[in-house]
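Residue numbers (my numbering): 2 to 209.
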């Protein structure tokens, strides 16, 4: 009978030890998981802060002069899914003392067709040709095209689209000095709209 009591006592003691160890192990695992979660959260916050700082450092300050073409190229879309980005083109022009610059890039799809995104910096509104400015307030009309007005923060413009031939033009006046031109021709059925390319322009790089 005494031996039986000792056996019961031993089993109880062993159970207490096993469950106690398991409990400590679970607490340790929970603590490790909590520490990992806190570390990941801190890393995410730090990464976002660093990315924001990089973006701030790369912002382009504006003056009364047109930006160099290489600066304009930084604002253009970098890539687009389903399309091949061709080399950028640059230009600087002097029109009777009025200096303006431009940069452009073309995206080519696997099927025939592509999109050209071009940005002009005239330095000021007074340097923009009148034949271009007039249509930012009054929409152009052209047979075969549907024309819609587009408004974004600090910008206004229009989109002309020919559904039958899958072609169109988007024009945007930004900050009363930049003119964005997006032209699409023979676009495949699954190609995105020209307004999607507008959304890919890095306006946030321009320091307001």
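Glycine included, each C-beta is placed from N, C-alpha and C at the ideal position.
>> Can you give me the C-alpha to C-alpha distance between residue 161 and residue 146, rounded to a whole angstrom?
In response: 6 Å
>> Just to confirm my understanding: we take residue 208, look at its own chain, exclude 5 residues before and 5 after, and list those with CB closer than 8 Å. What are they?
In response: 60, 61, 62, 63
> If you drop the 5 nearest sequence neighbours on each side, which residues of the same chain put their C-beta closer than 8 Å to that of residue 71?
Replying inline: 91, 104
>> At the level of alpha carbons, what is the spacing between residue 77 and residue 155?
In response: 17 Å
> Leaving out the 5 sequence neighbours to the left and right, which residues in its chain are closer than 8 Å to residue 89 when beta-carbon positions are compared?
Replying inline: 74, 77, 104, 105, 106
>> Quick check on DSSP: helix, strand or coil for residue 125?
In response: coil
>> Could you check whether residue 122 and residue 172 sit closer than 8 Å to each other, using their CB atoms as the reference points?
In response: no
> If residue 168 sits next to residue 194, beta carbons under 8 Å apart, how far is it from one beta carbon to the other, in whole angstroms?
Replying inline: Not really, about 12 Å apart at Cβ, beyond 8 Å.
> Would residue 100 pass as a contact of residue 124 if the rule is Cβ separation under 8 Å?
Replying inline: yes
>> Quick check on DSSP: helix, strand or coil for residue 179?
In response: strand
> Considering only C-alpha positions, which residue in the set 85, 142, 134 is nearest to residue 113?
Replying inline: 85
>> Contact defined as beta carbons within less than 8 Å: I believe residue 199 pairs with residue 181. What is the distance between those atoms, to the nearest angstrom?
In response: 7 Å
> Buried or exposed: which applies to residue 189, given that a residue is buried once 16 or more other Cβ atoms fall within 10 Å of its Cβ?
Replying inline: exposed
> Which residues mark the beginning and the end of the beta strand (DSSP E) in which residue 110 is found?
Replying inline: 99-110
> Which term fits residue 197, buried or exposed, when burial requires 16 or more other beta carbons within 10 angstroms of its beta carbon?
Replying inline: exposed
> Which residue from 142, 97, 157 puts its Cα closest to that of residue 128?
Replying inline: 97
> Rounded to a whole number of angstroms, what is the C-alpha to C-alpha distance between residue 82 and residue 110?
Replying inline: 10 Å
>> Please report the distance separating the alpha-carbon of residue 56 from that of residue 183.
In response: Residue confidence for residue 56 is low, a pLDDT of 48 falling below 50, so the modelled location carries little weight; the figure read from the coordinates is stated next. So the two alpha carbons sit approximately 25 Å from each other.
>> Which residues does DSSP list as the beta-bridge partners of residue 172?
In response: 159, 182
> DSSP beta-bridge partners for residue 116?
Replying inline: 108, 185
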